[in-house]
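These notes concern the structure reproduced below.
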Amino acid sequence: MQVIGLHIGSSFAEVSVWKANGTKASPSRTASAVFYLPRQNLKSALPKFFAGFLKPAEDRIDAAFITTRFLERLCDYRLGGSTAQLMTAGLESWPFLNGAPSRAGWMQPQKSLPIASQELSFAINERLSAEGEVLKPLDPRELAAVAEKLRPMSIRRVCVHFLHARRNAVHQDMAAAWLREQGFDVFLPPADAPNESAAWRASTLEASFAGTFDELFQDIEKGFAEVVPAERLFFHDGRDFVNAPKCSRVASLFGEDRLLGERTPGEGWILDLGLESWRLLDPSRDEDWRSPWGQVAARRPRRFELRWQPTLAIGQTEDHDIGPGRRPEGYEPGPISFGRGQKLLVFDLFADDIPEESGLREQISETARSRREGVLNALGRQTVKKDAAGLVRLLREKILESLVLDVNLKYPRGPLWLTGFFAPILEKELSARLKGRVVPTPRESSADRAAKAGWSKESP
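Mapped onto the numbering used here, the consecutive letters of the sequence shown carry residue numbers 14 to 473.
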């Protein structure tokens, strides 16, 4: 048996191939690669990778198992411009009045932007009691009137948000069936949500993510076309691996977290120092996603984002010190070390320690190294260190102190499983500071975890 694991982040994708090693119980990795998505797309990069070692006529691939956090990149944007909502009359403004605060604190509170456009929220005169009794029947003619408004705008995705539908879905199901007959894509709120707002956000996000997820799947399908048929491509939806049409777009954001918790070989929390984010996970507890738009009915392992992140910009702070920016910059254009970015990022402080086998050293050119040194020297002259090497040591010390503080505040006692791309680089220093608590996990990528979990699923 032979399976492929694929993990797609916001800016990087990892792929690994695992093959039976004598017995089904002991597979081994035969090939792996990392793709930098701003420079490589999956539909062309994957076939080139497979061509290097696979002979489709001879090397049979049983299945591919995929985790993705690609949709996280959408969380910084206004969504739902092509998503309509049908609301119980009188509540059509509720999603736009019930926004979550986008900034913590008392001094300058700001409400986050709504997910969908208020112009595409339509009132439907139906009503159920809190017990689910029909008080005002649904009139299909109202649905027809809304459909006539949506067609000229080429709006295909419609969310049905009726009050108390969780108690009695008769109107919701009637509207959904009618809209589907008319060719619309219909999205319904989850029945097990804690409240209407969390349920409606979940279905609105499901609809808003659908276009990007479908484009991603098409790229993956083309990339695997010669080695794995579409029906053998499985996405993790936060609970299990399923075919793409059955995968919740929102829940797919948490498949990697779920596998990380399931495959950690002992009790305790997980310090994941990944390539794209640094976070602390408590795999023993689930929680609803606290999204930028508010609580969403989508369960995930409890997670805390850490203060320092690999793409925080480094520069002069308001108090004239050298420190991190307020929010991650992302890998587009990325760190100076990759040759495209103009800002020094946390990643740049560790670029020289990246191992050859990681697949990222090839992204770092000598020209980029020279430019990075120039920026570090310029910043170093503003500190007591006065040089690039001294500034790097100073900043790395700050990062370690902050990581230890974050861990101790959230999880002061107990074993801490260390994993992620930067784990081998920081393991020694973190172990010294978190005395006796750090437990290194086997060195494996997110793609490796997906492949191993899929292998276990496929093995009889």
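Ideal placement from N, C-alpha and C gives every residue a C-beta, glycine not left out.
* With a threshold of 16 other CB atoms inside 10 Å of the CB of P278, please say whether the residue is buried or exposed. => exposed
* Asked: Taking three-plus beta-carbon pairs below 8 Å as touching, is the region 267 to 275 in contact with the region 415 to 428?
  -> no
* **Neighbourhood of F435 by C-beta, 6 Å cutoff - its chain only, sequence neighbours within 5 removed** => L286
* Can you grab the Cα-Cα spacing for the pair E85 / V309, in whole Å? => 14 Å
* Decide if D152 is buried, meaning its Cβ has at least 16 other Cβ atoms within 10 Å, or exposed. => exposed
* **Rounded straight-line distance, which links the Cα of F237 to that of K56** => 8 Å
* To do: On the DSSP bridge assignment, give the partners of Y344 in chain order.
  => DSSP output for Y344 lists no bridge partner at all.
* To do: Pick out the complete beta strand (DSSP E) segments inside the region 200 to 276, 3 residues or longer, and give them in chain order.
  => 246 to 249, 254 to 256
* Asked: Is it buried or exposed for F66, if we count other Cβ within 10 angstroms and need 16 for buried?
  -> exposed
* **For L294, the three-state DSSP class (helix, strand or coil)** => strand
* Asked: Starting from T380 and walking both ways along the alpha helix (DSSP H), at which residues does that stretch end?
  -> 379 to 393
* If you draw a straight line from the alpha carbon of E345 to that of A223, how long is it in whole angstroms? -> 23 Å
* **Where R179 sits in the DSSP three-state scheme** => coil
* To do: State the DSSP-derived secondary structure class of F63, mapped to helix, strand or coil.
  => helix
* Taking 8 Å as the cut-off, decide whether the C-beta atoms of R313 and E300 are in contact. => yes
* To do: Going by CA-CA distance only, name the one from E386, L99, L431 that's closest to D198.
  => L99
* Is F197 helix, strand or coil by DSSP? -> coil
* To do: Within the same chain, show all residues whose beta-carbon is closer than 6 Å to that of G336, passing over the 5 residues directly before and after it, in chain order.
  => T330
* Backbone CA spacing between I412 and I283 [nearest angstrom] -> 18 Å
* Is it the case that the Cβ atoms of A188 and L148 are separated by a distance below 8 Å? -> no
* To do: Classify G354 as buried or exposed, calling it buried when 16 or more other Cβ atoms lie within 10 Å of its own Cβ.
  => buried
* Asked: CB G352 to CB S383, shorter than 8 Å?
  -> no
* To do: Using the DSSP secondary-structure output, state which residues sit across from T81 in a beta bridge.
  => I21
* Thinking just about the alpha-carbon of each residue, which of G403, F48, V171, D334 is nearest to the one in L362? -> G403
* How is K162 classed by DSSP in three states: helix, strand or coil? -> helix
* Asked: With a Cβ-Cβ cutoff of 8 Å, do F248 and V240 count as a contact?
  -> no
* Asked: Which first and last residues belong to the alpha helix (DSSP H) in which L429 is found?
  -> Unbroken run through L429 is the beta strand (DSSP E), 429 to 432; no alpha helix (DSSP H).
* Neighbourhood of T454 by C-beta, 6 Å cutoff - its chain only, sequence neighbours within 5 removed -> W430, T432
* For the candidate residues W31, V417, E228, H20, whose alpha-carbon lies nearest to that of S472? -> W31
* **DSSP-derived helix/strand/coil call for W321** => coil
* Counting only the same chain and skipping the five closest in sequence on each side, list residues whose C-beta sits under 6 Å from that of S479. => In the structure as shown, the chain begins at 14 and stops at 473. Residue 479 is therefore absent and cannot be evaluated.
* Along the chain, where does the alpha helix (DSSP H) that runs through F135 open and close? -> No alpha helix (DSSP H) holds F135; the beta strand (DSSP E) holding it covers 134 to 137.
* Which value, in whole angstroms, describes the spacing of the CA atoms of A463 and F83? -> 15 Å
* Asked: What first and last residue would you give for the beta strand (DSSP E) that runs through L284?
  -> 282 to 286
* Asked: Which partner residues does R315 have in the DSSP bridge list?
  -> D295
* Nearest-angstrom Cβ-Cβ length linking A466 and F78, presumed shorter than 8 Å -> 6 Å
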